[in-house]
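Chains A and B, in that order, give the protein sequences. Numbers in the numbering used here are just positions in the first sequence, counted from 1, shifted up by 14. Numbers in the numbering used here are just positions in the second sequence, counted from 1, shifted up by 4. For glycine and all other residues, C-beta sits at the position ideal for the given N, C-alpha and C. Okay, structure first, notes after.
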Amino acid sequence: MSAGPYNYSYIFKYIIIGDMGVGKSCLLHQFTEKKFMADCPHTIGVEFGTRIIEVAGQKIKLQIWDTAGQERFRAVTRSYYRGAAGALLVYDITRRSTYNHLSSWLSDARNLTNPNTVIFLIGNKSDLEAQRDVTYEEAKQFADENELLFIEASAKTGDNVEDAFLETAKKIYQNIQDGSLDLNAAESGVQHKPLQPGRNQPQNQPNPTKEGCAC
Amino acid sequence: MTSAVFPLTVYVLVFITIVFAILLERETDGGKMEDVLDESVSEEDLRKFERRYHDSLAQGTVTHVIQFEYAWCLIRSKYPTDVKRGIFLLEDLSKGENESGKRDCIYYLAIGNAKIKEYSKALGYTKVLLQVEPGNRQVQTLKHTIEKRMEREGLKGMAIIGGAALALGSLIGLGVALARK
Ligand SMILES: Nc1nc2c(ncn2[C@@H]2O[C@H](COP(=O)(O)OP(=O)(O)OP(=O)(O)O)[C@@H](O)[C@H]2O)c(=O)[nH]1
Ligand SMILES: [Mg+2]
């Protein structure tokens, strides 16, 4: 299928959420740049990254919002959840507190995204086996109970990082194919690029008029 | 004979101008979300944080957090007046904040200034941040984004001037053609 001047036919919006320091930015960086940052400062607000992937022969552009885990950003970062097609929920397998906070992150994600949003649980820092504080089995059970996809990964070695992002996209694509994700619904988090792009407005936000606008 | 040639060149020039403008337009709004500067806050969220700020202002209970959250949403607005107000609130905050709070403010001051095309100011803020944390990739990325934006705007400015010159040329051509009649 041709997609005009675009070299992809879908856009999926992702968010990455979870406690500070669990490795969200490192996962994003590993996925987009295939590099690990050993000394990564806390994210200020949100970071953004993109990468084009292929699912079932379709080119898909992922637009990924990596949110800051620090508490003082939390109220505003919530406004990025809306219209996410995929949510990567991350904890650190060497810090139990980050695992204990999952239900709070999950309820935020459920409340602020749509019912079809694919939520993928990632136990990060799997390279630090000696410091493990949360077993695979325990997290797997949590994931099953809450109907989440689950994988343990390492942003450091790159282990399973691709899988987490790609599996999420596959699941979203599957939801589109079987009709459970309605592309026309507002905030589906998916844009299908039309053949004649540029003249329409494939945006997340509506375009309401506003008083006090600088016209 | 010349009177027939002139309108033809006029048409060709106008056509080239239009094609050029469309190509540039596509380049600027084609991919839509390419970086943090393309994103904007929803009306609903902006209203929510605005109400919270004004309520606490009325009660005299404005905290740094409440002001920062409102300012951050204003910076994300697509309306320049909002962005300018956000910049004003952040400048106010950055005077009194602690170190990490200052860093947040300066980062969003860079974004806000870039959004209202105050590029040199915006770059100045990223340089301040990089002096403290030279290896901060998030800030480096923002700096790069702003520089790219400047380049693109420069190109667009040239195209507009070029287009105007062509249009003027066409008019003169038309005038000459008419005078010949
Ligand atoms: N060993 C190991 N260290 C990691 C891994 N992923 C991240 N780190 C380290 O963990 C620290 C925090 O990583 P970040 O990616 O900044 O964490 P974050 O979740 O983005 O944190 P906030 O932006 O504050 O929310 C950094 O020092 C990383 O180097 C991993 O898979 N293995
Ligand atoms: Mg981060």
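- When C-beta distances to chain A are compared with 8 Å, the residues of the segment 37 to 51 of chain B below that value are M37, E38, D39, V40, E43, S44, V45, S46, E47, D49, in chain order.
- Within the segment 73 to 89 of chain A, those residues whose Cβ lies closer than 7 Å to any Cβ of chain B are, in chain order, Q77, R86, A89.
- The segment 68 to 75 of chain B makes no contact with the segment 40 to 49 of chain B: fewer than 3 CB pairs, one atom from each, lie closer than 8 Å.
- With 16 or more neighbouring CB atoms inside 10 Å of its own CB, D106(A) falls in the buried class.
- If you draw a straight line from the Cα of D59(B) to the Cα of L93(B), it comes to about 16 Å.
- The beta carbon of E61(A) falls within 8 Å of a beta carbon belonging to chain B, placing the residue at that interface.
- Contacts with chain B at 8 Å (Cβ-Cβ) include M51(A).
- Remark: the C-beta of G203(A) is outside contact range of ligand 1, defined as less than 7 Å to any heavy atom.
- CA-to-CA, the gap between T67(B) and F62(A) works out to about 28 Å.
- A distance criterion of 7 Å places the beta-carbon of G166(B) beyond contact range of ligand 1, judged by its closest non-hydrogen atom.
- In the same chain as H43(A), and ignoring 5 residues on each side of it, the C-beta atoms closer than 7 Å to its own belong to K49, M51, in chain order.
- Judged by their CB atoms, L116(A) and F134(A) are not nearer to each other than the 8 Å cut-off.
- Membership of E68(A) in the beta strand (DSSP E) is indicated by the continuous run 60 to 69.
- Think of a sphere of 9 Å around the beta carbon of S121(A): no beta carbon from chain B falls inside it, the nearest being about 19 Å out.
- As the crow flies, the alpha-carbon of V69(A) is around 10 Å from that of K185(A).
- Residue contact with chain B for I31(A): absent (no Cβ-Cβ distance below 8 Å to any residue of chain B).
- Taking a cut-off of 8 Å for Cβ pairs, the segment 167 to 184 of chain A and the segment 133 to 149 of chain A touch, as three or more such pairs fall below it.
- Residues L78 of the same chain have their beta carbon placed closer than 7 Å to that of D86(B), with the five preceding and five following residues left out of the count.
- The beta-carbon separation of K121(B) and E151(B), rounded to 13 Å, does not stay under the 8 Å limit for a contact.
- For E155(B), no Cβ of chain A is located within less than 8 Å of the residue's own Cβ.
- Nearest to R56(B) by C-alpha distance, out of G83(A), A89(A), T46(A), is A89(A).
- Among the residues of the segment 51 to 71 of chain B, those with a Cβ less than 7 Å away from any Cβ of chain A are V69, in the order of the chain.
- Residues lining ligand 2 by the Cβ criterion, that is a Cβ closer than 7 Å to any of its heavy atoms, are K38(A), S39(A), C54(A), H56(A), T57(A), E61(A), D80(A), A82(A), G83(A) in chain order.
- The beta carbon of L97(B) sits closer than 8 Å to those of H68, Q71, F72, A75, G105, C109, all from its chain and outside the five residues before and after it, given in chain order.
- The straight-line gap separating the alpha-carbon atoms of F53(B) and Y83(B) is approximately 16 Å.
- Chain A places a beta carbon closer than 8 Å to that of N140(B), counting this residue as a contact.
- With a threshold of 8 Å between beta carbons, T108(A) makes no contact with chain B.
- A direct Cα-to-Cα measurement between P138(B) and G37(A) gives close to 20 Å.
- The C-beta of T57(A) comes closer than 8 Å to at least one C-beta of chain B.
- For chain A, the residues of the segment 117 to 140 of chain B that bring a beta carbon within less than 8 Å of one of its beta carbons are E137, G139, N140, in chain order.
- DSSP places A62(B) inside the alpha helix (DSSP H), whose first and last residues are 47 to 62.
- G63(A) has its CB no nearer than 7 Å to any heavy atom of ligand 1.
- Y15(B) counts as exposed, since fewer than 16 other beta carbons sit within 10 angstroms of its beta carbon.
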